[in-house]
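Below is one structure; the comments refer to it alone.
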Amino acid sequence: MTFQIGIGPNLRKSAYFNATVRDGVSSFSVYNHMLIPGNFGDPEAEYDRLINGVAMWDVAAQRQVQLEGPDAGKLAQLLTPRNLSNVRIGQGRYVPLCDHDGWVINDPVLLKLSDDCYWLSVADSDIHLWATAIAHERDLDIQVSEPDVSPLAVQGPKAVDVAAKLFGEQVRDFKYFGFVQMDLDGIPLVLARSGWSKQGGFELYLQDSSLGEALWDKVKEAGAEYGIGPGAPNDTERLESGLLSYGADMRLQTHRANPYEMGFGGLVDLEGHDFIGKAALAQTAAVGAKRQFIGVTINGTPTPPGHQVSLMSGSETVGYISEFAFSKRVGKTIGIGLINSDHVGADVPLSIFADGKNHAAQITSVPFI
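Numbering (my numbering), first residue to last: 10 to 378.
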């Protein structure tokens, strides 16, 4: 069965939209009110490039929320339970954001461009509205905006060779989440060693959307000798690597979770600073998380339904699996999700229901690879 997405003015096109159409994009999804490529017609080849070679992804839908002004650092710190006091200019950090009840509402990468300017590279939700509201409530001297920034990801073990060809050998020494402001033949961008895979790579934060096709073509040309090709963030690789996805693994509207449950309680600093949700997270820390983030292997090869499925112990729902897929590298169907803490280590059979029948599931550690 084939479906189509109607492209209208309510769905924004990325700076690379025309280039992706020209290079054979087969499907789009919607992310942050923007069209983001789903695949280019050969998912297996795209996965192989990511694991063994190099891929380029239009991830312009990974929008930036810019915090600019004298109180930029103060607002950034209010938004996250992670202590940012030691973050230097040119460094990025993975920063969970929570609401007043301690639920995760996004998990962006924060980039500190200057003492008065930060970017939040956000997952799929309207964090600019949240940040603006908090800034006004706290009477902070700051402007919250969305800058003209469009990330292009270059991912895979040969990504560093492509980046070195484009920007010079110094990129091989970049620390993870490190970034610099650069100019590529007149194209302004921020080059960061980052990306939503564990295969290594860079993100090019284009700062002039009118130059999207020019940047795409330069990356494509530089990567030709390494077999570069277009693709999209890969669900199977992210499961194998245990990467989290706000909106898929936790979502405030339907599957809310707190940092302790999702496995990044170590990023919560209850002593060092004030932040939104502090009282709620302090209470959670005192009593312990009620659920735990887990990996599972699933018997057989059920069809992923595209939504969370209940994790069952007999007739009792004890958690949920947020996403699963068959992994050739693992040789099994694998998934991630949350389970009630009292069932971790319990010797009870677990299962999910898919394709009209039950499939046994076994708890395992994450990452799978």
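By construction, the Cβ of each residue, glycine as well, lies at the ideal position given by its N, Cα and C atoms.
Per DSSP, cross-strand counterpart(s) of residue i
i: residue 127; result: 76 and 121
i: residue 300; result: 349
i: residue 326; result: 321
i: residue 46; result: 37
i: residue 399; result: Since the first residue shown for the chain is 10 and the last is 378, residue 399 is missing from the structure and cannot be characterised.
i: residue 260; result: 264
i: residue 66; result: 162 and 240
i: residue 187; result: 100
i: residue 269; result: Bridge partners of residue 269: none, in fact.
i: residue 201; result: 188 and 212
i: residue 334; result: 343
i: residue 21; result: 43
As assigned by DSSP and simplified to three states, the class of residue i
i: residue 229; result: helix
i: residue 56; result: helix
i: residue 375; result: coil
i: residue 12; result: coil
i: residue 287; result: helix
i: residue 306; result: strand
i: residue 311; result: coil
i: residue 280; result: coil
i: residue 86; result: helix
i: residue 193; result: strand
i: residue 339; result: coil
i: residue 253; result: coil
i: residue 71; result: coil
i: residue 220; result: helix
i: residue 274; result: helix
i: residue 31; result: helix
i: residue 355; result: coil
i: residue 93; result: coil
i: residue 182; result: helix
Residues near residue i in its chain [Cβ-Cβ closer than 6 angstroms; skip 5 each side]
i: residue 190; result: 199
i: residue 115; result: 106, 131, 132, 134, 136 and 255
i: residue 232; result: 63 and 171
i: residue 128; result: 73, 75 and 120
i: residue 274; result: 268
i: residue 207; result: 250
i: residue 319; result: 326 and 329
Contact set for residue i: own chain, Cβ-Cβ below 7 angstroms, skip 5 residues either direction
i: residue 317; result: 264, 329, 330 and 331
i: residue 123; result: 98
i: residue 368; result: 307, 308, 309, 311, 360 and 361
i: residue 210; result: 162, 163, 164, 165, 168 and 204
i: residue 111; result: 267, 286, 289, 290 and 293
i: residue 56; result: 243, 245 and 246
i: residue 50; result: 33 and 35
i: residue 363; result: 311, 312, 314 and 318
i: residue 100; result: 121, 186 and 187
i: residue 92; result: 278, 281 and 282
Buried/exposed call for residue i, threshold 16 Cβ in 10 Å
i: residue 71; result: buried
i: residue 185; result: exposed
i: residue 164; result: buried
i: residue 159; result: buried
i: residue 179; result: exposed
i: residue 146; result: exposed
i: residue 29; result: buried
i: residue 48; result: buried
i: residue 226; result: exposed
i: residue 76; result: buried
i: residue 14; result: exposed
i: residue 432; result: Any property of residue 432 remains undetermined from this structure, which presents the chain solely from 10 to 378.
i: residue 246; result: buried
i: residue 80; result: buried
i: residue 325; result: exposed
i: residue 334; result: buried
i: residue 314; result: exposed
i: residue 270; result: buried
i: residue 150; result: exposed
i: residue 323; result: exposed
i: residue 41; result: buried
i: residue 219; result: exposed
Close beta carbons around residue i, own chain, < 8 angstroms, minus the five adjacent residues each side
i: residue 141; result: 153
i: residue 192; result: 198
i: residue 87; result: 143, 147, 283, 284 and 285
i: residue 175; result: 193, 227, 228 and 231
i: residue 353; result: 301, 303 and 372
i: residue 90; result: 105, 107, 268, 276, 277, 278, 279, 284, 286, 287 and 290
CB contact check: residue i to chain C, cutoff 8 angstroms
i: residue 200; result: Annotation note: the requested chain C is absent from the structure, which comprises a single protein chain.
Distance cut-off 7 angstroms: residue i Cβ against heavy atoms of the ligand COA
i: residue 203; result: This structure simply doesn't include the ligand COA, nor any ligand for that matter.
* In chain order, which continuous runs of the beta strand (DSSP E) of length 3 or greater are located wholly inside the region 99 to 180? -> DSSP runs (the beta strand (DSSP E)) wholly in the region 99 to 180: 101 to 103, 113 to 115, 118 to 123, 126 to 130, 152 to 154 and 159 to 164.
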